[in-house]
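J.:
Protein chains: 2
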Amino acid sequence: MSVEQGRYHHGDLPAAMLSAVREIVREQGINAVTLRAAARRAGVSHAAPAHHFGDKVGLLTAFATEGCEMLRARLLAARDGAGEESALLVIGTAYVRFALDEPEHFAVMFRADYTRREDPTYRQAREGAFAVLLDTVREVREGHQAGGAAGDDADGDREAEQDVEQGTGEDALLCAATGAWSLVHGIATLWLDGNLDTRITDRSAEDTAAALMTTLAETLLEAAGGAPTSQ
Amino acid sequence: MSVEQGRYHHGDLPAAMLSAVREIVREQGINAVTLRAAARRAGVSHAAPAHHFGDKVGLLTAFATEGCEMLRARLLAARDGAGEESALLVIGTAYVRFALDEPEHFAVMFRADYTRREDPTYRQAREGAFAVLLDTVREVREGHQAGGAAGDDADGDREAEQDVEQGTGEDALLCAATGAWSLVHGIATLWLDGNLDTRITDRSAEDTAAALMTTLAETLLEAAGGAPTSQ
DNA sequence: TGAAAATCTATCCACTGTCAAGATGCTGCG
DNA sequence: CGCAGCATCTTGACAGTGGATAGATTTTCA
Chain A
1 MSVEQGRYHH
11 GDLPAAMLSA
21 VREIVREQGI
31 NAVTLRAAAR
41 RAGVSHAAPA
51 HHFGDKVGLL
61 TAFATEGCEM
71 LRARLLAARD
81 GAGEESALLV
91 IGTAYVRFAL
101 DEPEHFAVMF
111 RADYTRREDP
121 TYRQAREGAF
131 AVLLDTVREV
141 REGHQAGGAA
151 GDDADGDREA
161 EQDVEQGTGE
171 DALLCAATGA
181 WSLVHGIATL
191 WLDGNLDTRI
201 TDRSAEDTAA
211 ALMTTLAETL
221 LEAAGGAPTS
231 Q
Chain B
1001 MSVEQGRYHH
1011 GDLPAAMLSA
1021 VREIVREQGI
1031 NAVTLRAAAR
1041 RAGVSHAAPA
1051 HHFGDKVGLL
1061 TAFATEGCEM
1071 LRARLLAARD
1081 GAGEESALLV
1091 IGTAYVRFAL
1101 DEPEHFAVMF
1111 RADYTRREDP
1121 TYRQAREGAF
1131 AVLLDTVREV
1141 REGHQAGGAA
1151 GDDADGDREA
1161 EQDVEQGTGE
1171 DALLCAATGA
1181 WSLVHGIATL
1191 WLDGNLDTRI
1201 TDRSAEDTAA
1211 ALMTTLAETL
1221 LEAAGGAPTS
1231 Q
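Here it is as structure tokens:
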């Protein structure tokens, strides 16, 4: 594992390259990432990375894949460790927390101009992370469809009778999950790019995410469902 | 294009440069933007842009500033043109619509690594766009706080410092506005980067934004409050 | 042992930002 | 009216960087 100097074969150059990418992003930003710079950090010649990653986008795609797997693990851990709190709130805050803890990976993971989206490994990792969110939303919605009090009837029929307004049940599920993803993704990206007011970012990721989610939900329902204009 | 050959002085090189940046971003992505490439498009020599913008970040900051002003105008027009619908929904969909209509500007506007954030012109333009959202949220919340019948203090010019200290006034307002921004910003960025399911993006920006907002609000309230606010 | 993988050295080429010095057009002032 | 000064733009050159490639070298493994 440790990189011994002087060895001709690095041992695990791909891992060393990914580590180098992380350092470069942290210290100089993502635009400073080049094959040569990463190779320099990893202590190999500038032509070595091409053998493993091909080009710069290939390197960043591998880096993004690693990030997606880390995110998936984080979300799973958060969901399984959730106690009384709402699973959706827990997983949402975990998303924001991940972005703040691993800004280097997060800055690359979902960026079209830095990843090769048709790469099957990357696509699989990305969808795997989203699947956790999708499953969580499904559980939340099914739990409430079941009546709110008893949550043991989890495997009931998917197509409920509630789907009059948003289409099929699966469609509404996708909508809800995408909306939740958008919210926490927006929080994370705006935060990392320094666009949020300091009164917001002074708090912890957990407090901020929870406050934004609940406040927004109230406001949205007041605005949309509450029909303030007529009554 | 549209550059008159032969004239020594361009006439309006800054505008031509911004137009060139837009074309480059559209055709080759933001990473292809360089001073020389933009100068080539604008039909001037490679050293001309430095006189106006200094360096690449300066050029992109000016481009981002232009985008913020465009966004502010869009949001204002949408808010003023809103009829029966909720002002928050209208302005939120307008945000997403703007991002899809002007992806080149949107890709730069809020990115820390492409803009000089201390630039006063840029900062002012950025805060001006957010102010429209903030005012809209203020109106929505004040309208509801008043009970829906009385619209006494409607102008809401700068800030009503009545209940700042409690945290339920200006603080909650900021939370709500930031949450709303995060949601629509997340939708826009995820969409533009191709991360959203095609079943979502098949629809129009307006339908998608509305569906995500309402569905998410319901789900969030179900998850957070335990039971939705049924009267 | 021999083939394949991994890595290195060396080189080529395109491109960028920046600087210096000169050319051109506009503008205000005597 | 004429000219000086300034902003604008051009040309040319330079140093640095990055990606790509070819061939040599070392290591691993069957």
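Heads up: the sequence lines are chains A and B, in that order. Every letter in the first sequence is one number past the one before it in the numbering used here, and letter 171, counting from 1, is 171. Every letter in the second sequence is one number past the one before it in the numbering used here, and letter 173, counting from 1, is 1173. Positions of the beta carbon are idealized from the N, C-alpha and C atoms, including for glycine.
Please look up how many angstroms separate the CB atoms of F110 of chain A and D1193 of chain B, rounded, as I've assumed it's under 8 Å.
T.: The pair is a contact, with the Cβ atoms about 6 Å apart (cut-off 8 Å).
J.: Scan the stretch 193-213 of chain A for residues whose Cβ lies nearer than 9 Å to a Cβ of chain B and list them as they occur along the chain.
T.: Hits within the stretch, in order: D193, G194, N195, L196, D197, R199, I200, T208, A210, A211, L212 and M213.
J.: In three-state terms, what does DSSP make of L13 of chain A?
T.: Three-state result, L13 of chain A: helix.
J.: Quick check: is the beta carbon of G1186 of chain B nearer than 8 Å to any beta carbon in chain A?
T.: Yes, G1186 of chain B counts as interfacial toward chain A.
J.: Shorter than 8 Å from the beta carbon of E222 of chain A to some beta carbon of chain B?
T.: Yes, because at least one Cβ of chain B sits closer than 8 Å to the Cβ of E222 of chain A.
J.: Assuming the contact rule is C-beta atoms closer than 8 Å, A1209 of chain B and T1093 of chain B should be a hit. Round their C-beta distance to whole Å, please.
T.: Right, the Cβ-Cβ distance comes to about 4 Å (below 8 Å), so this counts as a contact.
J.: Between Q1175 of chain B and chain A, is any beta-carbon pair separated by less than 8 Å?
T.: Rather than Gln, the amino acid found at residue 1175 of chain B in this sequence is Cys. C1175 of chain B counts as touching chain A.
J.: Report the rounded CA-to-CA distance for T214 of chain A versus L1221 of chain B, giving the unit in angstroms.
T.: The alpha-carbon atoms of T214 of chain A and L1221 of chain B are separated by roughly 7 Å.
J.: Could one say the Cβ of G1151 of chain B lies closer than 8 Å to chain A's Cβ atoms, at least one of them?
T.: Since pLDDT at G1151 of chain B reaches only 39, below the 50 mark, its modelled position is unreliable, and the value read off the structure follows with that caveat. By this cut-off, G1151 of chain B is not an interface position.
J.: Any idea what DSSP makes of E161 of chain A, helix, strand or coil?
T.: Confidence at E161 of chain A is low in this model, with a pLDDT of 43, below 50, so its placement is unreliable and the value that follows should be read with caution. If DSSP states are grouped into helix, strand and coil, E161 of chain A belongs with coil.
J.: Counting only beta-carbon atoms, is V1021 of chain B nearer than 8 Å to chain A?
T.: With 8 Å as the cut-off, V1021 of chain B does not count as an interface residue toward chain A.
J.: Looking at C-alpha atoms only, which residue of A:A32, A:A188 and A:C175 is the closest neighbour of D1197 of chain B?
T.: Closest by alpha carbon: A:C175.
J.: Roughly how far, in whole angstroms, is the beta-carbon of F63 of chain A from the beta-carbon of H105 of chain A, given that I think they are within contact range, below 8 Å?
T.: The pair is a contact, with the Cβ atoms about 7 Å apart (cut-off 8 Å).
J.: Where does S1182 of chain B land, buried or exposed, given buried means 16+ other C-beta within 10 angstroms?
T.: Its Cβ being crowded by 16 or more others within 10 Å, S1182 of chain B is buried.
J.: Could you pull out every residue in the same chain whose Cβ sits closer than 6 Å to the Cβ of A1042 of chain B, ignoring the five residues on either side in sequence?
T.: Same-chain partners within the cutoff: A1016, M1017 and A1020.
J.: When the Cα of G1075 of chain B is compared with those of B:H1051, B:R1199 and B:G1128, which residue comes out closest?
T.: Reading the sequence as shown, one finds Leu at residue 1075 of chain B and not Gly. Residue B:G1128 is the option with its Cα nearest to L1075 of chain B.
J.: Would V1096 of chain B and A1205 of chain B be called neighbours here (beta carbons separated by less than 8 Å)?
T.: Cβ atoms of V1096 of chain B and A1205 of chain B: closer than 8 Å.
J.: Out of B:D1119, B:V1025, B:T1115 and B:D1171, which has the shortest C-alpha to C-alpha gap to L1060 of chain B?
T.: Closest by alpha carbon: B:T1115.
J.: Could you tell me the distance, in whole angstroms, from the CA atom of G1169 of chain B to the CA atom of D80 of chain A?
T.: Spanning the two alpha carbons is a distance of roughly 36 Å.
J.: For the putative contact between S1086 of chain B and A223 of chain A, defined by C-beta atoms under 8 Å, what is the C-beta separation to the nearest angstrom?
T.: Sure, about 4 Å apart at Cβ, within 8 Å.
J.: Grab the span of the alpha helix (DSSP H) containing S86 of chain A for me, first residue to last.
T.: Segment: none, S86 of chain A is in no alpha helix (DSSP H) and carries neither H nor E.
J.: Report the three-state DSSP secondary structure of S19 of chain A (helix, strand or coil).
T.: Helix at S19 of chain A.
J.: Can a CB atom of chain B be found closer than 8 Å to the CB of L133 of chain A?
T.: No, no contact with chain B.
J.: Do you know whose CA, among B:R1040, B:R1026 and B:G1029, lies nearest L1013 of chain B's CA?
T.: Taking only the C-alpha atoms, the option nearest L1013 of chain B is B:R1040.
J.: One question on the structure: do L1088 of chain B and T219 of chain A come within less than 8 Å of each other, judged by their Cβ atoms?
T.: Yes, the Cβ-Cβ distance between L1088 of chain B and T219 of chain A is below 8 Å.
J.: Quick one: Cα of L46 of chain A to Cα of M70 of chain A, how far?
T.: The sequence shown places His at residue 46 of chain A, rather than the Leu named in the question. Going by the C-alpha atoms only, they are around 28 Å apart.
J.: In or out: L1212 of chain B buried (at least 16 other Cβ within 10 Å) or exposed?
T.: Per the 10 Å Cβ criterion, buried.
J.: Within this structure, are the beta carbons of H1185 of chain B and L100 of chain A separated by less than 8 Å?
T.: No. Outside cutoff.
J.: Determine the direct distance from the alpha carbon of V25 of chain A to that of E102 of chain A, and round the result to whole angstroms.
T.: About 11 Å.
J.: By how many angstroms is the C-alpha of V1108 of chain B removed from the C-alpha of Y1122 of chain B?
T.: Taking the straight line joining both Cα atoms gives about 12 Å.
J.: Considering A176 of chain A, what are the terminal residues of the alpha helix (DSSP H) in which it resides?
T.: A176 of chain A -> alpha helix (DSSP H) spans G169 to L192.
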